[in-house]
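S.K.:
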Amino acid sequence: MAAHSEFAPDISPVEARRQDAYFWRLLMTGTSFALFGLGAVVVGLVLLPLVRIIPAARERKRARARTVMRLALRLFVGVMHRTGVLTYEFRGREQLGRPGQLIVANHPSLIDVVFLLAFVPSAGCVVKGGLWRNPLTRSAVTLVEFIRNDSTAEMIVAAADALRAQPLIFFPEGTRTRPREPMVFHRSGANIALRAAARLTPVYIRVRPTTLTKAEPWYRIPARRPHFALIVGEDVDLQPYRSAPLPLASRELNERLLAQFEAELERPAC
Amino acid sequence: MQSHDEILERIRSTLVQLFQLDAAAVTPGARLYEDLEIDSIDVVDLMDEVQRHTGRKVTPEDFRSVRTVGDLVAVMQRLLHA
Chain X
-11 MAAHSEFAPD ISPVEARRQD AYFWRLLMTG TSFALFGLGA VVVGLVLLPL
39 VRIIPAARER KRARARTVMR LALRLFVGVM HRTGVLTYEF RGREQLGRPG
89 QLIVANHPSL IDVVFLLAFV PSAGCVVKGG LWRNPLTRSA VTLVEFIRND
139 STAEMIVAAA DALRAQPLIF FPEGTRTRPR EPMVFHRSGA NIALRAAARL
189 TPVYIRVRPT TLTKAEPWYR IPARRPHFAL IVGEDVDLQP YRSAPLPLAS
239 RELNERLLAQ FEAELERPAC
Chain S
1085 MQSHDEILER IRSTLVQLFQ LDAAAVTPGA RLYEDLEIDS IDVVDLMDEV
1135 QRHTGRKVTP EDFRSVRTVG DLVAVMQRLL HA
């Protein structure tokens, strides 16, 4: 077996034929990434500093900064869509964005978080702690008051606190799904839900064919145009988990959540 | 003021109740993670219990150096006598 086979796409020869304007999509994917970088510079060096210096209460500044970020990402999604890099649907998104709502989603691709932040108003998000160590991103994540995931205890306390007044987005896989490997959910999501969430809303994300996974660089675009389907599921009833002590209850809820995501993602797209 | 043994007993009953552990396994030398399978997420739940018992605000900082049941007793003592 060839040494590179580990990274070879797992698709049949018919599907592997490049279609849907492959080279145009490749060019536009690169352009989108460049535009993302440019947008980050405009947001980071012009818009967010403006939010910071215009006098307002901290909550007001946070809300403004999140709006700036959401509209910028919404524009980015629009560009990728209109240039034919991808197609998408986001079913039930009007259900998202309530205070105290914990939104959990699986994480198949690099840009899942872009979709959620582009469409969910005023949401906070648990993101990797590295963003606070990078001088380019530190001031942005500080201003929008996202929550860093590098200390579990502090993350849980901060997330529970945020849920008092805001919606919060959480990826229980922590990092992107590795294609063809089983999903693993960190229990902290279930723990936060039982501690502080008024409602727990799952968002099932399917990307067909897969793209921008953990295992591939941006320029390895799929032979066909990828379709992103984000489907908002029904709220998970937390009541049955309220009677047991939290350590036990959060384990049970975590298993149930994982099973539910596995079942939903198995189901053929309709 | 509570003695070391009283606090240990209290921690033992809390751990038994929260994590369904065998009381005999909860010794001062028992390591939370390796011996009792209490991970960093459970520690936050434990913090809540300590907060409830001591009536004091507990932060993750207070628990950073806790590795064993004995460390936990020491933290409780410090919080109770602070």
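Respectively, the protein sequence lines represent chains X and S.
Quick note on numbering: the working numbering labels position 262 of the first sequence as 250, and the sequence is numbered without any gaps.
Quick note on numbering: the working numbering labels position 30 of the second sequence as 1114, and the sequence is numbered without any gaps.
Cβ atoms here follow ideal geometry from the backbone N, Cα and C, with glycine treated the same way.
#1: Per DSSP, what are the beta-bridge partners of X/A93 in this structure?
#2: From what residue to what residue does the alpha helix (DSSP H) around X/L156 run?
#3: Could you give the first and the last residue of the continuous alpha helix (DSSP H) run that contains X/Y10?
#4: So, do the region 123 to 132 of chain X and the region 40 to 58 of chain X have three or more beta carbon pairs nearer to each other than 8 Å?
#5: If you run the structure through DSSP and keep just helix, strand and coil, what is S/G1139?
#6: X/L188 and X/G88 - do their beta-carbons sit closer together than 8 Å?
#7: CB of X/P37 to nearest heavy atom of the ligand ATP: below 7 Å?
#8: So, helix, strand or coil for X/L226, using DSSP?
#9: Under the rule that 16 or more other beta-carbon atoms within 10 Å means buried, what is X/A(-4), buried or exposed?
#10: Do you know how far the Cα of X/L182 is from the Cα of X/G66?
#11: Starting from the beta carbon of S/P1144, find every residue of chain X whose beta carbon is closer than 7 Å, and list them in chain order.
#12: Under 6 Å Cβ to Cβ from X/T198, same chain only, skipping five residues before and after it: list those, please.
#13: Could you confirm whether any beta carbon from chain S is found closer than 8 Å to the beta carbon of X/R175?
#14: In whole angstroms, what is the alpha-carbon distance linking X/M(-11) and S/D1119?
#15: Mind listing the chain X neighbours of S/S1124? Cutoff is C-beta to C-beta under 7 Å, in chain order.
#16: Which of the three DSSP states, helix, strand or coil, is assigned to X/T75?
#17: For X/P235, return the contacting residues in chain S, with the cut-off set at a CB-CB distance below 9 Å.
#18: Taking one C-beta from the region 216 to 230 of chain X and one from the region 68 to 81 of chain X each time, how about it: are there three or more such pairs within less than 8 Å?
#19: Which value, in whole angstroms, describes the spacing of the CA atoms of X/A178 and X/A148?
#20: In the structure shown, what three-state DSSP assignment does X/N242 receive?
#21: At which residues does the beta strand (DSSP E) containing X/L124 begin and terminate?
#22: Can you name the start and end residues of the beta strand (DSSP E) that X/V34 belongs to?
#23: I'd like the list of long-range same chain contacts for S/I1122, defined as Cβ closer than 8 Å, with 5 residues on each side in sequence excluded.
#24: Against chain S, with Cβ distances strictly below 8 Å, would X/N179 count as a contact?
#25: Using C-beta distances below 8 Å, list every residue in its chain close to X/I144, excluding the 5 sequence neighbours before and after it, in chain order.
#26: For chain S, find out if any of its Cβ atoms is closer than 8 Å to the Cβ of X/G117; answer yes or no.
#27: Going by the DSSP bridge assignment, what does S/L1163 pair with across the sheet?
#28: Could you check what DSSP says for S/L1105 in three-state terms: helix, strand or coil?
#29: Which term fits X/G118, buried or exposed, when burial requires 16 or more other beta carbons within 10 angstroms of its beta carbon?
#30: Any C-beta of chain S sitting closer than 8 Å to the C-beta of X/L241?
#31: Roughly how many angstroms separate the alpha carbons of X/L84 and X/A186, rounded to a whole number?
#32: Can you give me the C-alpha to C-alpha distance between X/F103 and X/R62, rounded to a whole angstrom?
#33: Exposed or buried, what is X/K49 when buried is set at 16 or more other beta-carbons lying within 10 Å of its beta-carbon?
#34: Name, in chain order, the residues that DSSP records as bridge partners for X/V220.
#35: Just tell me which of X/C113, X/L234 and X/R6 has its CA closest to the CA of X/P155.
M.R.: From the atom records:
#1: DSSP, once it has assigned bridges, lists X/V191 as partnering X/A93.
#2: Looking at the DSSP string, X/L156 is not in any alpha helix (DSSP H); the run it does join, the beta strand (DSSP E), is L156 to F158.
#3: Y10 to V30
#4: yes
#5: coil
#6: no
#7: Among the ligands in the structure shown, none appear at all, so the ligand ATP cannot be discussed.
#8: coil
#9: Any reading at X/A(-4) must be qualified, since the residue scores a pLDDT of 47, below 50, and its modelled position is unreliable; the value itself is stated next. Residue burial annotation: X/A(-4) is exposed, with fewer than 16 other C-beta atoms found within 10 angstroms of its C-beta.
#10: 36 Å
#11: Within 7 Å Cβ-Cβ: S139, A141, E142 and V145.
#12: Once the five neighbours on either side are set aside, the close Cβ partners of X/T198 are P167.
#13: yes
#14: Here the model assigns X/M(-11) a pLDDT of 37, short of 50, so the residue's position is not dependable and the matter cannot be decided.
#15: Per Cβ cutoff of 7 Å: T140 and A141.
#16: strand
#17: L1102, F1103, Q1104, I1122, I1125, D1126, D1129 and L1130
#18: yes
#19: 11 Å
#20: helix
#21: Bounds of any beta strand (DSSP E) do not take in X/L124; it lies within the alpha helix (DSSP H) bounded by P123 to L131.
#22: Note, X/V34: premise wrong, no beta strand (DSSP E); not H, not E.
#23: L1099, F1103, L1116 and L1130
#24: yes
#25: The residues are S176, N179, I180 and R183.
#26: no
#27: The partner list for S/L1163 (beta bridge, DSSP) is empty, contrary to what the question assumes.
#28: If DSSP states are grouped into helix, strand and coil, S/L1105 belongs with coil.
#29: It counts as exposed.
#30: No, X/L241 does not count as interfacial toward chain S.
#31: Looking at the two C-alpha atoms, the distance is approximately 13 Å.
#32: 8 Å
#33: buried
#34: DSSP lists X/V191 as partners of X/V220.
#35: X/C113
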